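*Asks:* Numbered by our numbering, the letters in the sequence shown go through residues 14 to 474 in order. Beta carbons: idealized from backbone N, C-alpha and C, even for Gly. Model, not experiment: these values are computed from the prediction.
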Amino acid sequence: MAKMWAGRFSKEVDETVNAFNSSISFDGRMYPQDIRGSIAHATMLGDCGIIPKEDAEKIINGLKEILADIDSGTLLMDPTAEDIHMFVEAELTKRIGDAGKRLHTARSRNDQVALDVRLILRDEIAEIRKLLHALLRTLVKIAEEHTDTIMPGYTHLQRAQPVTLAHHILAYVWMLLRDDGRLCDTAKRMNYCPLGAGALAGTTYPINRQQTASLLDFTAPVPNSLDAVSDRDFCVELANALSLLMVHLSRFSEEIIMWCSWEFKFIELDDAYATGSSIMPQKKNPDVTELIRGKTGRVIGDLTTLLSMLKGLPLAYNKDMQEDKEAIFDAIDQAKLCIKTFDPMLATMRVNKDRMRAAAAQGFINATDCADYLVKKGLPFRDAYKITGSLVAKCIAEGLTLETLPLSSYQAECPTFGEDVYEAIALETCLNGRISEGGPSAAAVRVQLDAAKAAIEELKA
Ligand code: ARG
């Protein structure tokens, strides 16, 4: 494709440089946003009398036709074009002649690309949030079905105290709700319009930046023309929000991977969301979750790419910034794929309540409650802790649990123990005694569930 800036040059650009320089293979996906931005710009140019009204109209109609033709596949992108901006403008001029050449008045590709990226990220955030909200609803549904599914809570991956699957799942609900909040904040902060910043120093034409900002649904124009074209903090913020979201999905995935193992067998994935081995006929592998864990590293890499790209750049635009798109689009695409797959995988998994309960019944998960029993009878916590520690050691030596240890052994260690200790250390008692706000008892989880549901209900797409 002939270069629009060819005037100053006496030679064609080297073919390798051309291919090296071209971004259309990855910025082509911004064509709807590029065209939408150009329509707003042309409208403003016409209204301000910077170009003739008839030309503005021709431009707008031409752009609408180009949009429809790309949408329908009748117009294919020229892979030799420098970028999407050049491609659309050249196609417009090819179609409508001289009027097309007026579109770029009072504009630079620098404010144009800064606009397009903001527009597409705004759209993508809305889509990611929709997927995330669906996932949140799935999680709440699972939680609601498992308020009495007792499982071990862990620290250091050692059985620690009893919780329920509902409580465990709700922990992720809150994390994902904060992720949604971060996406929302990012969208709000990036919603300022860079159009009119020109290459870096505005323009001498009497443009109306308020008009283009409001035509494109922005809160206001970016207040500083240098800032408008030279920062990509909004890409970094989004990549950061997505990295954290992925980290949450990855931690959950790691647990799913463990829970499907023969050692745990807490859950069984639906056959549609697991894969087999090419050699071992018995295998059913949780590939989806492993890929999510793997892709998390990739998204964190995208964030690092963006931060490293920016850190040494003098104001204003530098071509390094063209590298923003592949990184942020990759982060978006991977996150979307992961949420889309994770959601139905969770919705279809089967929970093995008995295995969860059996795991909670072992491992002295009620030892804290045994100590608390003595505290409630008047002993200082540290003494109660020590006595219970000795009882646990005795159980281990004799192959018993606190539930099966005879009362005489309890009393040998501390005469305060009575028959009621067995009731105090029963799993249900240990669980439902944890009534503190935010705790795992059925009553506390009910309050939590209602709060989570209300928070999800309030989310605006
Ligand atoms: N393709 C370029 C990018 O993505 C568009 C902006 C080009 N601006 C320039 N002055 N060369 O950043």
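How big is the Cα-Cα spacing for PHE355 and THR225?
*Replies:* Numbered from its first residue, the sequence shown carries residue 355 at position 342. Numbered from its first residue, the sequence shown carries residue 225 at position 212. Distance between the alpha carbons of PHE355 and THR225: 39 Å.
*Asks:* Could you check the C-alpha separation between MET362 and LEU149 for me, to the nearest Å?
*Replies:* Here residue 362 is taken as the residue at index 349 of the sequence shown, counted from 1. Here residue 149 is taken as the residue at index 136 of the sequence shown, counted from 1. Roughly 16 Å between the two C-alpha positions.
*Asks:* CA-CA distance, GLU450 and ILE341?
*Replies:* Sequence index remark: in the sequence shown, residue 450 carries index 437 (1-based). Sequence index remark: in the sequence shown, residue 341 carries index 328 (1-based). The alpha-carbon atoms of GLU450 and ILE341 are separated by roughly 39 Å.
*Asks:* Going by the C-beta, is LEU404 closer than 7 Å to any heavy atom of ligand 3?
*Replies:* Looking for ligand 3 in the displayed structure turns up nothing; the ligands present are ligand 1.
*Asks:* Assuming LEU132 and GLN46 are in contact, meaning their beta carbons sit under 8 Å apart, how far apart are those beta carbons, in whole angstroms?
*Replies:* The count along the sequence shown starts at 1 and reaches residue 132 at position 119. The count along the sequence shown starts at 1 and reaches residue 46 at position 33. Indeed they touch by this definition, with Cβ atoms about 4 Å apart.
*Asks:* Which of the three DSSP states is assigned to GLY215 in this structure?
*Replies:* The residue labelled residue 215 in the question sits at position 202 within the sequence shown. In this structure, GLY215 counts as coil in the three-state DSSP scheme.
*Asks:* Please state if the CB of GLU267 and the CB of THR199 are separated by a distance shorter than 8 Å.
*Replies:* Sequence index remark: in the sequence shown, residue 199 carries index 186 (1-based). Sequence index remark: in the sequence shown, residue 267 carries index 254 (1-based). Going by C-beta atoms, THR199 is not nearer than 8 Å to GLU267.
*Asks:* Under a three-way DSSP split, which group does MET271 fall into?
*Replies:* As a position in the sequence shown, residue 271 is number 258, starting the count at 1. Three-state result, MET271: helix.
*Asks:* If you draw a straight line from the alpha carbon of TYR398 to that of THR162, how long is it in whole angstroms?
*Replies:* For the purposes of this step, residue 398 is identified with residue 385 of the sequence shown, where counting begins at 1. For the purposes of this step, residue 162 is identified with residue 149 of the sequence shown, where counting begins at 1. Straight-line Cα distance between these residues: approximately 28 Å.
*Asks:* Give the range of the alpha helix (DSSP H) segment to which ILE378 is assigned.
*Replies:* As a first step, residue 378 is located in the sequence shown; it is residue number 365 there, counting from the start. Looking at the DSSP string, ILE378 is not in any alpha helix (DSSP H), and its letter there is neither H nor E.
*Asks:* Helix, strand or coil for VAL176 per DSSP?
*Replies:* Within the sequence shown, the letter at position 163 stands for residue 176. Of the three classes helix, strand and coil, the one that applies to VAL176 here is strand, per DSSP.
*Asks:* So for MET164, helix, strand or coil by DSSP?
*Replies:* In the sequence shown, counting from the first residue as 1, residue 164 sits at position 151. Of the three classes helix, strand and coil, the one that applies to MET164 here is strand, per DSSP.
*Asks:* Do you know offhand how far PHE277's Cα is from THR317's?
*Replies:* Along the sequence shown, read from residue 1 onward, the residue named residue 277 stands at position 264. Along the sequence shown, read from residue 1 onward, the residue named residue 317 stands at position 304. Computed Cα separation, rounded: 36 Å.
*Asks:* In three-state terms, what does DSSP make of GLN171?
*Replies:* For the purposes of this step, residue 171 is identified with residue 158 of the sequence shown, where counting begins at 1. Strand, per DSSP.
*Asks:* At a cut-off of 7 Å, would you count MET334 as near ligand 1, judging by its Cβ distance to the nearest heavy atom?
*Replies:* Against the sequence shown, residue 334 aligns to sequence position 321. Yes, the beta carbon of MET334 sits closer than 7 Å to at least one heavy atom of ligand 1.
*Asks:* Can you look up ILE469 in the DSSP assignment and give me helix, strand or coil?
*Replies:* The residue labelled residue 469 in the question sits at position 456 within the sequence shown. In this structure, ILE469 counts as helix in the three-state DSSP scheme.
*Asks:* Near ASP40, what residues of its chain come up, given a Cβ to Cβ distance below 7 Å and the 5 sequence neighbours on each side ignored?
*Replies:* Here residue 40 refers to the residue found at position 27 of the sequence shown. Taken in chain order, the residues that qualify are ASP96, ILE97, LYS338.
*Asks:* Does DSSP put THR118 in a helix, a strand or coil?
*Replies:* Residue mapping note: residue 118 aligns to position 105 of the sequence shown, counting from 1. Coil.
*Asks:* Who are the Cβ neighbours of GLN125 in its own chain at under 6 Å, not counting the five residues just before and after it?
*Replies:* For this step, residue 125 is matched to residue 112 along the sequence shown. Closer than 6 Å at the Cβ level, and outside the excluded window around GLN125, lie HIS98.
*Asks:* According to DSSP, is ARG363 part of a helix, a strand, or is it coil?
*Replies:* Here residue 363 refers to the residue found at position 350 when the sequence shown is read from its first residue. If DSSP states are grouped into helix, strand and coil, ARG363 belongs with the strands.
*Asks:* Ligand 1 and HIS98: does the residue's C-beta get closer than 7 Å to at least one heavy atom of that ligand?
*Replies:* Here residue 98 corresponds to residue number 85 of the sequence shown, with the count starting at 1. HIS98 Cβ: within cutoff of ligand 1.
*Asks:* Suppose contacts are defined by Cβ-Cβ distances below 8 Å. Is MET334 in contact with TYR286 by that definition?
*Replies:* By 1-based counting over the sequence shown, the position of residue 334 is 321. By 1-based counting over the sequence shown, the position of residue 286 is 273. Against a cut-off of 8 Å, the Cβ pair of TYR286 and MET334 comes out as no contact.
*Asks:* Which residues in the same chain as ASN204 place their Cβ atom closer than 7 Å to its Cβ, once the five residues preceding and following it in sequence are excluded?
*Replies:* Working through the sequence shown from its first residue, we reach residue 204 at position 191. Closer than 7 Å at Cβ, skipping near neighbours: ARG135, PHE231, THR232.
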